[in-house]
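Trainee: Attaching a single structure in structure tokens format; questions to follow.
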Amino acid sequence: MFIGIQLLLLFTSITTNPMRSTKCLFSSKQTLFNFTDSTSSVNDWIEISDTERDVGKSKGVFVEQKTQQFQRAIFFSLLNPQPNGAGFVGIANRKKSFDLSSFTGLQLSVRAQGENFIYKVILRHHNEESSLQPSYEIFFELPKNELTEQYLPFNDFKPYSRGKSLDPNTTPPLDRTDITSIGLQIVGGVYLPIKQHGTSSLEIDSIIAVKCE
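Right, here's the structure in full:
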């Protein structure tokens, strides 16, 4: 019953307020990843998609886009949901750790294109990388084909395990003093009333931690 209520609230939040909050007016910031910098790299990012399961058939690629005038990163995805539940494409960086306790959220400078526009950010702490351990996630929908600043408050991140919502009253809270994994995922909607499939891309200029006024 609890999981069903959580999913209903999530679906209502996405459909009634799809863009969540936009760019925040921040008093301080810390750049976590700046893919427009010529010294940046995507080499420390790994794919974490449903092919971790025997039945998974989705695929993701995270690459740099460089031209004579600009540079950014692009997360390409092919969502191929399966009848037994597999259906997600993700990437994550587990090579860096951050103390984000003095910030209120993350701000992404991104542009979404393709067939799907609902993504989530996934945070982990204390080097807890097992899918059996809680992850802390936030869903958001991006505008189509529009470069945007998407603000994601830490207070809106909720605990999950293998895509299923956990009770925040019995799950340890996210320790923002020791964030050891930051990931992006495009969801097929295995446990949700919303469903996505097909090809999409997410252009990423930067991911920064910000303290909103």
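Using mature numbering (1 follows the signal peptide of the UniProt record, and there is no 0), the letters of the sequence shown map in sequence onto residues -16 to -1, 1 to 197. Glycine included, every Cβ here is placed at the ideal spot set by N, Cα and C.
(1) Would you be able to state if there are at least three C-beta pairs under 8 Å between the segment 179 to 187 and the segment 60 to 70?
(2) Using only CA atoms, which one of G167, G89, E121 and F138 lies nearest to S149?
(3) Which residues in the same chain have their Cβ closer than 7 Å to the Cβ of E130, if we skip the five residues on either side of it in sequence?
(4) Can you find the residues in the same chain that come closer than 6 Å, C-beta to C-beta, to R78, ignoring five residues on each side of it along the sequence?
(5) Take S115 as the anchor and find which of D34, E48 and E99 has the nearest alpha-carbon.
(6) Under three-state DSSP, which class holds N68?
(7) Would you call the CB atoms of G44 and E31 closer than 9 Å?
(8) For the beta strand (DSSP E) holding G98, just list the boundary residues, first then last.
(9) Between the Cα of F72 and those of S86, G98 and Y103, spot the shortest distance and give me the residue it belongs to.
(10) Please classify K50 as buried or exposed, where buried requires at least 16 other C-beta atoms within 10 Å of its C-beta.
(11) Given a cut-off of 9 Å on the beta-carbon distance, is the pair L107 and G167 in contact?
(12) If I measure Cβ to Cβ from G98 and keep anything under 6 Å in the same chain, skipping five residues before and after, which residues do I get?
(13) Thinking C-alpha only, which one of V105, N18, P127 and D28 is nearest I188?
(14) Can you tell me where the beta strand (DSSP E) with H109 in it begins and where it stops?
(15) Whose CA, out of Q53, D38, S81 and I58, lies closest to the CA of V47?
Mentor: The answer reads as follows:
(1) In short, these stretches touch, since the Cβ pair count reaches three.
(2) S149 has its Cα closest to that of E121, out of G167, G89, E121 and F138.
(3) Taken in chain order, the residues that qualify are R95.
(4) Answer for R78: S165, listed in chain order.
(5) Distances from the CA of S115 to each of D34, E48 and E99 were compared; the closest alpha carbon is that of D34.
(6) Secondary structure of N68 (DSSP, three-state): coil.
(7) Cβ distance < 9 Å, so G44 and E31 count as in contact.
(8) Under the DSSP assignment, G98 falls in the beta strand (DSSP E) whose first and last residues are G89 to G98.
(9) A check of alpha carbon separations from F72 across S86, G98 and Y103 identifies Y103 as the nearest.
(10) Residue environment analysis places K50 among the exposed positions, since fewer than 16 neighbouring C-beta atoms fall within 10 angstroms of its C-beta.
(11) Going by beta carbons, L107 and G167 fall inside the 9 Å limit.
(12) Within the same chain, T183, S184 and S185 come within 6 Å of G98 by CB-CB distance, once the 5 residues on both sides are set aside.
(13) The shortest C-alpha separation from I188 is found at N18.
(14) Unbroken beta strand (DSSP E) run through H109: I102 to H109.
(15) Closest by alpha carbon: I58.
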